[in-house]
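Worksheet for the structure shown next.
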Amino acid sequence: MEPLKALLLLSGVLGALAEFCVIPQMDSQLVEKLGQHLLPWMDRISSEQLNPSIYVGLRLSSLQAGTKEDLYLHSLKLDYQQCLVGSASIDDNSDCQTKPSAGHLALYLLALRANCEFIGSQKGNRLVTQLKWFLEDEKKAIGHNHEGHPRTSYYQYSLSILALCVHQKRVHDSVVGKLLYAIEHDHHIPQGHLSVDTEAMAGLAFICLERFIFNPDLRPRITMAIETIREKILKAQTPEGNFGTVYSTPLALQFLMTSPTSGVGLGTACLKARASLQASIQGGAFQNPLMISQLLPVLNHKTYLDLIFPDCQAPRVMLAPAVEDPSPVHIPEVISVTLKVSSVLPPYKQTVFILAGSSLEDVLKMAQNIGGFTYGTQPSLSGPYLTSVLGKEVGDREFWQLLRDPDTPLLQGIADYKPQDGETIELRLVSW
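All letters in the sequence shown, in the order written, are residues -18 to -1, 1 to 414 by mature numbering (1 follows the signal peptide of the UniProt record, and there is no 0).
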């Protein structure tokens, strides 16, 4: 057999053995409605509401918002450079109202790359330096013997590595080593519960590092970590088709789409996930801008790794604002929702009456207006984050978990979840 023919045959055999995660195209009207949900958020340009993930999601999607995108990126640049450039570290005080977290900064770097911008100026290099400082601080918190934990999370740790890698900035071997060790020994899994989001983000970071490997000695461990993450995510698929939950499925698919395997079942698993996502979209499950911004790239067969070499000239469909439904006006019914808190003494329990379709945040506000109940929040990219209830502040590695009685964790935050009539919602302080 001629050498060229033999090589072609071998390539064909290897290609046949590899199985890919392919997401068939979804109905364009469904995708457009998702994009329309983001348009009102692009008009909110205060520091607390700016969300670079929205810009990244749109740029990697099949949709565009025209000049609104340009204005939004301009607002991001003004806000982030005011808050970050010139500071000694991310934690330093400055004149801006809300200091961006490392996760915000990492997403901002992804947003710049989505506009085909490379970090190269003095201001840009300062941003990179501050993100590297964050990773060094987190590395110290984890400790030399890996007995500690990041001050934030392994999700933000992975996202920060990914953002630097996408800009082809070297990440120190010891920083990568901490994430490798966490994946190899399941140190990132709180209370034994697998976080598919964290696994997927770590996987995306490793695939990027594998492409721009700075230390060949790390390659075998990185390759093994990618395989380990793939196996964990596939095992986490539910009977409905979701990888973990419906909201962690988009990031999981971003990872799986970039990591073909020689095993069997990957293609079928992705098709099943796609069917579940379509049903969830049709059911109105995706309202949160962060979740939508992670989903839109998948529906355009893109991932965060496409930001390594982005195609900023790719044609995209112009979004138009959603048309209001001219359905007849009806008077919403009043429903009852019981709120309880068992993590404080004395325990709290109160039934409040609100309009159907109200959010859990509306329930909390109503309970506070009635009296005997207080709560506090802080802004995050996924919406308001509960920080205190009845004067009880979250401590280190604690959070207020939202549950539907008797013991079902809610998948949405207080601004997105809409209680049904007669439900009991518990706020429970838990450690991780």
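Each residue gets a CB set at the ideal place from its N, CA and C atoms; glycine is no exception. Remember, predicted model here, so these are calculated numbers, not experimental data.
Asked	Found
Grab the span of the beta strand (DSSP E) containing I336 for me, first residue to last.	330 to 337
Among E120, L144, Q360, which has the Cα closest to the Cα of Y90?	L144
Going by the DSSP bridge assignment, what does Y367 pair with across the sheet?	Q360
Would you mind working out which of Y136, L248, W414 sits nearest I5, comparing C-alpha positions?	L248
Which residues mark the beginning and the end of the alpha helix (DSSP H) in which E129 is found?	Neither: E129 is in no alpha helix (DSSP H) and is coded neither H nor E.
Within the continuous alpha helix (DSSP H) that includes R181, where are the two ends?	Strictly speaking, residue 181 in this sequence is Glu, with Arg absent from that position. 178 to 193 is the extent of the alpha helix (DSSP H) around E181.
Buried or exposed for P297, please, with buried defined as at least 16 other CB atoms from any protein chain shown within 10 angstroms of its CB.	exposed
Would the beta-carbon of S324 fall within 9 Å of that of P401?	no
If the criterion is Cβ atoms closer than 9 Å, does the pair F116 and A84 meet it?	yes
Measure the C-alpha to C-alpha separation of G266 and T227 and round it to an integer number of angstroms.	15 Å
In whole angstroms, what separates the C-alpha of I263 from that of V158?	36 Å
If you reduce the DSSP assignment to three classes, tell me which class P202 lands in.	helix
Out of S10, Q18, Q11, which has the shortest C-alpha to C-alpha gap to A304?	Q18
Do you know whose CA, among S135, L321, K15, lies nearest E120's CA?	S135
Give me the Cα-Cα distance between M206 and L238, rounded to the nearest whole angstrom.	15 Å
Measure the C-alpha to C-alpha separation of N97 and S241 and round it to an integer number of angstroms.	25 Å
The alpha helix (DSSP H) with F237 in it runs from where to where?	231 to 239
Would you give the residue range spanned by the alpha helix (DSSP H) that T320 belongs to?	Element bounds for T320: not the alpha helix (DSSP H) but the beta strand (DSSP E), 316 to 323.
Return helix, strand or coil for L45, following the three-state DSSP convention.	strand
Measuring only the C-alpha atoms, how far is L53 from T390?	41 Å
Going by DSSP, what residue range makes up the alpha helix (DSSP H) through E99?	Premise fails: E99 is in no alpha helix (DSSP H) and is neither H nor E.
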